[in-house]
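**Q** One structure, pasted below without further comment.
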Amino acid sequence: MERDLREAADLLADASILVFTGAGISTESGIPDFRGPDGLWTKMDPDDFTIGRYLASEEVRRRSWQLQLDSTHRVAVPNDGHRAIVRLWESDRLVGCVTQNIDGLHLAAGLPSSAVVELHGNVREVRCLGCGSTWPAEEVLERVSSGDGDPRCPQCNGILKLTVVSFGELLPAGAMARAHAMAAVADATVAVGTTLSVFPAAQVPLEAADRGAPLVIINQGPTEMDHLARVKLDGPAGTLLPALVDLILQGK
Ligand code: ZN
């Protein structure tokens, strides 16, 4: 592992780096992978999380809010993996961080919003599907916990929803465009804690790799793009990513 870490650090030594993250970077913050053995989909039916069901059924909305009320997202804090990416940013080595995660932990760790693209939205903001007004999620969750199980917009009585992208919803166009712009100028990509199997999100690291930018993968277990990686580091993101960033920044 030591030799692989060194090889990856050499590869990234002078590069402007795009970091692409998935659930594996947040497991050490206590957030289970939706698809993993303890994930949400072992307790819930993913069919309940389509935008169509959400709009059509008050019961689905009530269940979604209740689930969010009890969610580990509300108490999770960034870990050393998230902080390592902030160190790259502070050292002027990060093109940007594109994430599939909805936990908001890259921003909470201290990356500026200009450096983060949340492809699947964020649990920290709620939007009215009628008029587009937004609120911090905690404000709306307070209403839910005081008995307003299907909270409505105070302005237009529209349905409220977390800004998280549901099944059947398109990814936000602005987010995808920003991610592609970052992939287009990166010298190298580090994919962390993702099996690189969810499209179109996984197009972002693929696009940089297709251009010849070296790809380093940090993930516990195999990924769909291991064959494209110049270096694959198999293990937990919370220890491997900080170790890699230490080596990269020491090299300066
Ligand atoms: Zn509204």
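Heads up: take any position in the sequence shown, counting from 1, add 500, and you land on the working numbering. Beta carbons: idealized from backbone N, C-alpha and C, even for Gly.
1. Could you name the residues whose beta carbon sits closer than 6 Å to any heavy atom belonging to the ligand ZN, keeping them in chain order?
2. Using a Cβ-Cβ cutoff of less than 6 Å, which residues in the same chain neighbour alanine 702 once the five nearest sequence positions on both sides are dropped?
3. So, helix, strand or coil for glycine 596, using DSSP?
4. Which runs of the beta strand (DSSP E) at least 3 residues long sit entirely within the segment 654-705? Give them in chain order.
5. What residue range is occupied by the uninterrupted beta strand (DSSP E) comprising threonine 739?
6. When the distance is taken between beta carbons, is threonine 723 closer than 8 Å to proline 705?
7. Smallest Cα separation from asparagine 657: which of Ile517, Ser633 and Leu670?
8. Do you know how far the Cα of glycine 524 is from the Cα of methionine 682?
9. Do glycine 674 and alanine 737 count as a contact pair if the criterion is CB distance below 8 Å?
10. Compute the Euclidean distance between the alpha carbons of glutamate 618 and isoleucine 602, then round it to the nearest angstrom.
11. Per DSSP, what kind of secondary structure is isoleucine 551 in: helix, strand or coil?
12. Determine, using beta carbons only, whether asparagine 622 and valine 586 come nearer to each other than 8 Å.
13. Please identify the residue among Gly630, Trp589 and Ile659 whose C-alpha is closest to the C-alpha of serine 557.
14. Could you give the first and the last residue of the continuous alpha helix (DSSP H) run that contains valine 731?
15. Which residue or residues does DSSP assign as beta-bridge partners of asparagine 579?
16. Is it true that the segment 514-522 meets the segment 639-659, where meeting means three or more beta-carbon pairs spaced less than 8 Å apart?
17. Ends of the beta strand (DSSP E) at leucine 715?
18. Buried or exposed: serine 614, going by 16 or more other Cβ atoms within 10 Å of its Cβ?
19. Pairs of beta-carbons, one from the segment 504-515 and one from the segment 576-585, closer than 8 Å: are there three or more?
**A** On the basis of the supplied data:
1. Here the residues come out as Cys628, Gly630, Cys631, Ser633, Cys653, Gln655, Cys656 and Gly658.
2. In the sequence shown, counting from the first residue as 1, residue 702 sits at position 202. If we look at alanine 702 and ignore the five residues flanking it on each side, its Cβ neighbours are Leu696.
3. For the purposes of this step, residue 596 is identified with residue 96 of the sequence shown, where counting begins at 1. In the three-state reduction of the DSSP assignment, glycine 596 falls in the strand class, which pools E and B.
4. Fully enclosed beta strand (DSSP E) runs of 3 or longer: 660-662 and 688-692.
5. As a position in the sequence shown, residue 739 is number 239, starting the count at 1. For threonine 739, no beta strand (DSSP E) segment is defined; the enclosing uninterrupted segment is the alpha helix (DSSP H) at 737-750.
6. Here residue 705 refers to the residue found at position 205 of the sequence shown. Here residue 723 refers to the residue found at position 223 of the sequence shown. No, they are not a contact pair.
7. Indexing the sequence shown from 1 puts residue 657 at position 157. Of the candidates Ile517, Ser633 and Leu670, the one whose C-alpha sits nearest the C-alpha of asparagine 657 is Ser633.
8. Position 182 of the sequence shown, counted from the start, is the residue given in the question as residue 682. Position 24 of the sequence shown, counted from the start, is the residue given in the question as residue 524. Rounded to whole angstroms, methionine 682 to glycine 524 spans 22 Å at the Cα level.
9. As a first step, residue 737 is located in the sequence shown; it is residue number 237 there, counting from the start. As a first step, residue 674 is located in the sequence shown; it is residue number 174 there, counting from the start. Judged by their CB atoms, alanine 737 and glycine 674 are not nearer to each other than the 8 Å cut-off.
10. Translated into positions along the sequence shown, residue 618 becomes position 118. Translated into positions along the sequence shown, residue 602 becomes position 102. Approximately 7 Å between the Cα atoms of the pair.
11. One-based indexing of the sequence shown puts residue 551 at position 51. If DSSP states are grouped into helix, strand and coil, isoleucine 551 belongs with the helices.
12. In the sequence shown, counting from the first residue as 1, residue 622 sits at position 122. In the sequence shown, counting from the first residue as 1, residue 586 sits at position 86. For the 8 Å CB-CB criterion, asparagine 622 and valine 586 do not form a contact.
13. Indexing the sequence shown from 1 puts residue 557 at position 57. Nearest option by C-alpha distance: Ile659.
14. As a working note, residue 731 is residue 231 in the sequence shown. Premise fails: valine 731 lies in the beta strand (DSSP E), 731-734, not in any alpha helix (DSSP H).
15. Locating residue 579 in the sequence shown gives position 79, counting from the first residue. According to DSSP, residue pairing for asparagine 579 in a beta bridge does not occur.
16. Verdict: no, contact absent.
17. Here the question's residue 715 lines up with position 215 in the sequence shown. In the DSSP annotation of this structure, the continuous segment of the beta strand (DSSP E) that includes leucine 715 starts and ends at 715-719.
18. Reading the sequence shown from its first residue, position 114 is the one you call residue 614. By the neighbour-count rule (16 or more Cβ atoms within 10 Å), serine 614 is not buried but exposed.
19. In short, these stretches do not touch, since the Cβ pair count stays below three.
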